[in-house]
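Counting in the numbering used here, the sequence shown runs from 3 upward without gaps. Glycine is no exception: its CB is placed at the ideal position from the N, C-alpha and C atoms.
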Amino acid sequence: MEVCYQLPVLPLDRPVPKHVLSRRGAISFSSSSSLFGAPDPRQLSQRRGAISYDSSDQTALYIRMLGACVVFKQLFARDVRVRSQVGFEPERRSSHPYLCIDFRTLHTRLGCGSTSASSAPERRVHRLLSFQRYLHSSRLLRGVPQQIPLHILDEDYTGQARCMLEKVGNWNFDIFLFDRLTNGNGLITLTFHLLNQYGLVELFQLDMVKLWRFLVMVQEDYHSDNPYHNAVHAADVTQAMYCYLREPMLAKSLTSYDILLGLVAAATHDLDHPGVNQPFLIKTDHYLATLYRNTSVLENHHWKSAVGLLRETGLFSHLPAEDRLNMERELGSLILATDISRQNEYLSRFRMHLDQENLCLSNASHRHFILQMALKCADICNPCRPWELSKQWSEKVTEEFFQQGDIEKKHKLEVSPLCDRETNTVGNIQIGFMTYVAEPLFAEWARFSDTRLSQTMLGHMGLNKASWGGLQQEQTSVSEEAEPSTAGTDTEDVAARREGNTATAAGGTSSKEIPQGNRES
């Protein structure tokens with residue numbers, strides 16, 4: 003007998019296609035004998051993506067997981083009803099400014115068009131899904147198999163990936179390599195490993211099926227087509243957050259609740275990011291900008307998306323209602339802190355605490371503030387990584403800027419600062435970002451936690467800034483050789499324009515245009 007617990011969400015009134023039940027990545031439980039006989043370990047680990055257990059009490063666990071599989075549709079239906087009753091306002095996400103979507107959908111309004119009475123319930127369910135999972139579900143209904151297998155443990159959790167996880171606390175951890183070794187499931191594998199390493203799964207009595215489903219949905223809701231704001235970035239931020247949580251000042255003060263909140267916030271901080279920044283959503287009259295009144299639009303969306311998944315999966319449903327609501331609010335407080343337009347607000351408060359030496363980490367509010375600062379540092383730590391990693395991130399975030407600029411040019415919109423690939427380069431964008439955003443933040447973090455890691459980050463950032471400056475000079479030399487007759491005038495003009503763009507981005511009223519940190523950013 004084989005029962006599969008399949009994560010992709012399908013309409014409740016339709017049968018599950020056969021190819022879905024046989025797809026790699028489902029959780030599979032097989033037994034060649036009876037239901038109550040212990041399953042054959044060889045059959046449990048035979049399929050890629052299966053969760054294998056070596057517990058002596060396999061029979062009880064087998065029955066429990068089997069029951070969870072049978073009632074999945076009823077649980078999902080209940081989750082949808084509860085989620086609509088508690089006042090969580092669903093967001094219509096199918097009009098995201100995705101590159102493959104007609105630009106005119108950015109101006110659509112909720113409720114436009116007529117729908118038949120028979121299709122209304124299905125549409126209500128779809129509006130609870132992220133844009134990524136909506137497309138995923140549509141592909142499954144059309145009979146197109148999933149291209150990326152979803153698995154968390156078993157074969158891909160061993161070998162080289164396991165060796166890397168043993169050194170997950172190293173600052174030079176190569177998240178790109180780790181994501182390849184886990185077959186594109188780096189965020190799932192890393193987050194699960196860290197939660198388990200801290201003992202949080204057992205301490206908070208988290209259901210394994212719900213946790214697995216939550217992590218898979220989180221990874222799916224990151225847009226893989228985004229050059230920068232994708233699941234790999236979320237995994238990188240989660241790994242950096244783990245490094246900060248291990249710092250002596252935090253390790254001796256944070257509670258298990260703080261650690262759980264910090265890791266979940268890091269994994270979900272850019273959930274369902276559309277690949278464009280807040281000014282783009284505002285000037286295209288996007289529904290998210292209207293919903294959140296042009297204030298921390300993307301951050302609010304990431305937070306509400308994360309809360310939606312927590313409620314949909316019921317990961318914390320066994321906790322008291324008041325505790326769940328407090329956790330959701332504090333999760334939002336952490337994610338909203340990543341809004342780069344509020345950088346000066348948080349930095350000034352952090353500097354004031356350090357000057358007055360009045361930070362008391364036995365105080366819950368002070369611990370929460372330090373978690374906010376740690377997440378802010380983790381979110382924009384790319385310039386502090388070793389050059390081989392930092393350069394890749396710099397190129398990815400700049401390409402995402404340039405793709406937005408290409409869309410704006412195509413539709414005759416004003417091109418946002420730093421988004422014009424004809425007047426900006428990776429080097430000048432990164433130098434400006436390090437000078438005006440990253441260096442002030444990490445200098446204060448080093449005052450708070452003066453450790454080897456802090457000095458390593460500052461050292462890498464200095465070297466990376468010098469490397470980008472050297473590349474800029476090389477590019478200038480090549481341009482002068484190519485156009486010797488106009489080199490003097492052209493070089494001065496280009497330098498002036500670049501310097502003006504960088505200064506405008508850093509010192510203007512909206513620093514959300516600055517790369518890497520921009521929460522866009």
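For the alpha helix (DSSP H) that residue i lies in, which residues bound it at each end?
{"i": "LEU311", "result": "299 to 315"}
{"i": "TYR524", "result": "Nothing about residue 524 can be read from this structure; the chain reaches only from 3 to 523."}
{"i": "ARG449", "result": "441 to 450"}
{"i": "ARG215", "result": "210 to 222"}
{"i": "GLU397", "result": "389 to 412"}
{"i": "TYR348", "result": "345 to 358"}
{"i": "CYS379", "result": "366 to 381"}
{"i": "CYS165", "result": "162 to 167"}
{"i": "ASN198", "result": "188 to 199"}
{"i": "THR478", "result": "454 to 484"}
{"i": "THR292", "result": "289 to 293"}
{"i": "LEU321", "result": "Looking at the DSSP string, LEU321 is not in any alpha helix (DSSP H), and its letter there is neither H nor E."}
{"i": "ASP181", "result": "177 to 183"}
{"i": "PRO281", "result": "280 to 285"}
{"i": "VAL428", "result": "428 to 435"}
{"i": "PRO250", "result": "250 to 253"}
{"i": "ALA339", "result": "That residue, ALA339, is in no alpha helix (DSSP H); it is neither H nor E in DSSP."}
{"i": "HIS235", "result": "233 to 247"}
{"i": "VAL203", "result": "202 to 205"}
Label residue i either buried or exposed according to how many other C-beta atoms from any shown protein chain fall within 10 Å of its C-beta, with 16 as the threshold for buried.
{"i": "ASP272", "result": "buried"}
{"i": "CYS362", "result": "exposed"}
{"i": "SER396", "result": "buried"}
{"i": "ASP381", "result": "buried"}
{"i": "HIS320", "result": "exposed"}
{"i": "GLU416", "result": "exposed"}
{"i": "GLY2", "result": "No statement about residue 2 is possible, as the shown extent of the chain runs from 3 to 523 and does not include it."}
{"i": "ASP452", "result": "exposed"}
{"i": "VAL480", "result": "exposed"}
{"i": "VAL234", "result": "buried"}
{"i": "ASN296", "result": "exposed"}
{"i": "ALA366", "result": "exposed"}
{"i": "SER364", "result": "exposed"}
{"i": "SER418", "result": "buried"}
{"i": "HIS413", "result": "exposed"}
{"i": "GLY277", "result": "buried"}
{"i": "GLY161", "result": "exposed"}
{"i": "CYS165", "result": "exposed"}
{"i": "ASN232", "result": "buried"}
Just the C-alpha distance for residue i and residue j, rounded to the nearest angstrom, thanks.
{"i": "PHE318", "j": "PHE180", "result": "29 Å"}
{"i": "LEU338", "j": "LEU460", "result": "25 Å"}
{"i": "LEU167", "j": "PRO250", "result": "21 Å"}
{"i": "ARG387", "j": "VAL170", "result": "14 Å"}
{"i": "PHE206", "j": "ALA323", "result": "15 Å"}
{"i": "GLY316", "j": "GLU204", "result": "16 Å"}
{"i": "ALA376", "j": "TYR246", "result": "7 Å"}
{"i": "PHE175", "j": "ALA163", "result": "12 Å"}
{"i": "ALA242", "j": "GLU483", "result": "42 Å"}
{"i": "HIS195", "j": "GLN457", "result": "27 Å"}
{"i": "GLY113", "j": "TYR289", "result": "Residue placement at GLY113 cannot be trusted, given a pLDDT of 38 that sits under 50; the coordinates are not used to answer."}
{"i": "THR184", "j": "MET463", "result": "29 Å"}
{"i": "PHE178", "j": "ALA269", "result": "16 Å"}
{"i": "GLU390", "j": "ASN172", "result": "15 Å"}
{"i": "VAL439", "j": "MET219", "result": "32 Å"}
{"i": "SER255", "j": "ASN360", "result": "15 Å"}
{"i": "ASN302", "j": "TYR294", "result": "7 Å"}
{"i": "VAL299", "j": "SER392", "result": "27 Å"}
{"i": "THR292", "j": "ILE284", "result": "8 Å"}
{"i": "ASP341", "j": "ILE261", "result": "21 Å"}
{"i": "GLU330", "j": "GLU347", "result": "23 Å"}
{"i": "GLY27", "j": "HIS275", "result": "Unreliable placement is indicated for GLY27, whose pLDDT of 37 sits below 50; the coordinate value is still reported in the next sentence. Taking the straight line joining both Cα atoms gives about 25 Å."}
{"i": "SER253", "j": "CYS383", "result": "Note that residue 253 corresponds to Ala in the displayed sequence, not to Ser. Cα-Cα distance, rounded: 20 Å."}
{"i": "SER350", "j": "GLU446", "result": "10 Å"}
{"i": "CYS379", "j": "LEU443", "result": "7 Å"}
{"i": "LEU265", "j": "THR193", "result": "7 Å"}
{"i": "GLN475", "j": "LYS411", "result": "29 Å"}
{"i": "PHE282", "j": "GLU424", "result": "19 Å"}
Between residue i and chain C, is any beta-carbon pair separated by less than 7 Å?
{"i": "SER396", "result": "This model lacks chain C altogether, as it is built from one protein chain only."}
Quick test of the definition: if touching needs 3 or more C-beta pairs under 8 Å, does the region 418 to 435 touch the region 461 to 470? Segments in contact, yes.
Taking 8 Å as the threshold, find out whether the region 209 to 221 comes into contact with the region 350 to 357 through three or more Cβ pairs. Touching, no, given that fewer than three Cβ pairs across the two stretches are closer than 8 Å.
contact_flag[the region 188 to 203, the region 225 to 238] where n(CB pairs < 8 Å) is 3 or more: Taking 8 Å as the limit for Cβ pairs, the verdict is that the region 225 to 238 does touch the region 188 to 203.
Contact between the region 216 to 232 and the region 402 to 414 (3+ Cβ pairs under 8 Å): Contact between the region 216 to 232 and the region 402 to 414 is present, because at least three Cβ pairs lie under 8 Å.
Report yes or no: do the region 331 to 345 and the region 298 to 312 share at least 3 C-beta pairs separated by less than 8 Å? The region 331 to 345 vs the region 298 to 312: in contact.
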